[in-house]
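Just so you know, the protein sequences line up as chains E and G, in that order.
Using this note's numbering, the first residue of the first sequence is number 1, and each one after it goes up by one.
Using this note's numbering, the first residue of the second sequence is number 1, and each one after it goes up by one.
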Amino acid sequence: SQQGEEDPQALSIQEGENATMNCSYKTSINNLQWYRQNSGRGLVHLILIRSNEREKHSGRLRVTLDTSKKSSSLLITASRAADTASYFCATVNTGTASKLTFGTGTRLQVTL
Amino acid sequence: NAGVTQTPKFQVLKTGQSMTLQCAQDMNHEYMSWYRQDPGMGLRLIHYSVGAGITDQGEVPNGYNVSRSTTEDFPLRLLSAAPSQTSVYFCASSGLAGRETQYFGPGTRLLVL
């Protein structure tokens, strides 16, 4: 079964706007990771946030983690057409080290 | 570094045929894994390995075999292909027993007729 569920399933915005994607999960985690997948390609790692961290930044990306709500969000600021992709959250669950469990993803479309 | 490489990129099989999907990494990672991705879904873990000689099942292992004789290679074998195995297959590798960033290969598209 899939651990994470992303919300929304699809998001369409204009270039320059911010995009926010949410991920909810069910069990306690060791860390949570966000990945990007361009159409037909492999996944690319974006950010890893550990269970004792609340926020991380990487360039235009900001990830938050709320372990009490079992949720995380990915914010992409000042979006670009090149950000068009599917975004997945994935968790390493406590006690199941060595398994990365993926959510179903958010498809982001950034238009000019 | 080539990173994680997968061959073939695309394969068509008939029901009942067997084949091996190849995966290799040159980053000296101990952890390697195989996922399948079906339309509209995330990735589901098939098998994984925490080091040479050690493999374990993931979420959807039925119909697949793996072995890990070297650190670099982690082939996935389809024993008797079924249409339900039509999917895109991704191999990934990672350090620290899979807890850290995973590096993905470009994928193999498999069509089973």
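Ideal Cβ placement from N, Cα and C applies to all residues, glycine included.
Backbone CA spacing between G/Arg-68 and G/Tyr-35 [nearest angstrom]: 16 Å
Could you tell me whether the Cβ atoms of E/Asn-31 and E/Ser-51 are closer together than 8 Å? yes
I'd like to know if E/Asn-38 contacts chain G, where contact means its C-beta is closer than 8 Å to some C-beta of that chain. no
Three Cβ pairs or more, each shorter than 8 Å: is that satisfied between the segment 60-78 of chain G and the segment 82-98 of chain E? no
I'd like the span of the beta strand (DSSP E) that includes G/Arg-44, first residue to last. 43-51
Classify E/Glu-17: buried if its beta carbon has 16 or more other beta carbons within 10 angstroms, exposed otherwise. exposed
On the criterion of 16 or more Cβ atoms from any shown chain inside 10 Å, does G/Ser-84 qualify as buried, or is it exposed? exposed
Host beta strand (DSSP E) of E/Asp-66 (start-end): 61-66
Taking contact to mean at least 3 C-beta pairs separated by less than 8 Å, is the segment 99-112 of chain G in contact with the segment 4-21 of chain G? yes
Does the CB of G/Leu-43 have a neighbour CB from chain E at under 8 Å? yes
Only counting the same chain, and skipping five residues up and downstream in sequence, which positions put a Cβ closer than 8 Å to that of E/Gln-2? Residue placement at E/Gln-2 is poorly supported in this model, since its pLDDT is 49, which falls under 50; the coordinates still yield a value, given next. These residues qualify, in order along the chain: Thr-101, Phe-102, Gly-103 and Thr-104.
Closest by C-alpha distance to G/Arg-99, when choosing among E/Ser-28, E/Gln-33, E/Leu-112 and E/Ile-76: E/Gln-33
Between which residues of its own chain and G/Gln-37 is the CB-CB distance below 6 Å, once the five residues before and five after are set aside? Leu-43 and Val-88
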